[in-house]
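Worksheet: one structure, shown below.
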């Protein structure tokens with residue numbers, strides 16, 4: 012992670028909500044086997060820190076990160092658990108300072124031009140665009156590419172396989188985040204083979 016950007020690890024970052032930490036390792040192995048090594052575990056459940064810790068310890072091929080990071084305390088918790096990158100839905104100067112001081116790459120969330128410019132002023136060029144579809148989708152990001160060429164994005168929020176392909180054609184999009192390779196029925200039945208197949212399809216979107 013010192014020389015490779017989070018945005019360049021894979022065309023898609025799966026956004027994972029884990030209720031049972033016991034599912035973390037087999038789920039991560041299925042995603043990695045499908046070609047999606049960067050995995051964002053959202054801090055929306057009590058099991059999330061344990062899930063991150065398990066993936067970091069048992070799936071070395073994965074690059075596990077923490078999502079929905081909104082407080083400095085969550086930054087510390089995520090990094091202590093083994094997160095190798097951080098993703099937030101938005102940002103403040105306080106949160107940005109904590110993420111900057113964490114020692115791991117981070118993607119602060121933006122949804123407006125002013126937020127992008129403010130981050131560029133602070134030396135941040137890689138961002139999460141969220142909620143992507145609600146905030147203007149591909150048309151909005153395309154309109155930013157000319158006036159703000161230094162900014163690169165990971166659009167997340169309402170992105171499915173078809174929309175992902177459209178985003179990935181934009182010059183200022185490095186990757187997308189999504190959940191479509193993690194259908195609820197596959198997670199409920201622990202159908203890791205299906206997750207792997209869907210991950211492989213997502214990994215091939217840029218080919």
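In my numbering, the protein residues as written are 12 to 218.
Every residue gets a Cβ at the ideal spot worked out from N, C-alpha and C, and that includes glycine.
| Asked | Found |
| --- | --- |
| Under 7 Å between C-beta atoms of residue 47 and residue 65 | no |
| Three-way DSSP call (helix, strand, coil) for residue 152 in this model | helix |
| Enclosing alpha helix (DSSP H) for residue 174 [first to last residue] | 172 to 179 |
| Extent of the continuous beta strand (DSSP E) to which residue 77 belongs | 74 to 78 |
| Assigned secondary structure, residue 119 (DSSP; H/G/I helix, E/B strand, else coil) | coil |
| Same chain only: Cβ atoms within 7 Å of residue 88, ignoring 5 sequence neighbours per side | 60 |
| In DSSP terms, what residue 33 is bridged to | In the DSSP output, where bridge partners are listed per residue, residue 33 has none listed. |
| First through last residue of the beta strand (DSSP E) which encompasses residue 49 | 49 to 53 |
| DSSP state of residue 163 mapped onto helix, strand, coil | strand |
| Reduced DSSP category for residue 192 - H, G, I as helix; E, B as strand; rest coil | coil |
| Nearest residue (CA-CA) to residue 127, options 113, 190, 116, 155 | 155 |
| Cβ contact (3+ pairs, closer than 8 Å) linking the segment 128 to 139 and the segment 159 to 166 | yes |
| DSSP state of residue 43 mapped onto helix, strand, coil | helix |
| Where residue 81 sits in the DSSP three-state scheme | coil |
| One or two residues paired with residue 64 in a DSSP bridge | Per DSSP, none; premise fails for residue 64. |
| Beta-carbon proximity of residue 70 to residue 95, cut-off 7 Å | no |
| Cβ contact check for the segment 78 to 88 and the segment 100 to 119: 3 or more pairs under 8 Å | yes |
| From 86, 120, 57, 15, residue whose alpha carbon lies closest to that of residue 112 | 86 |
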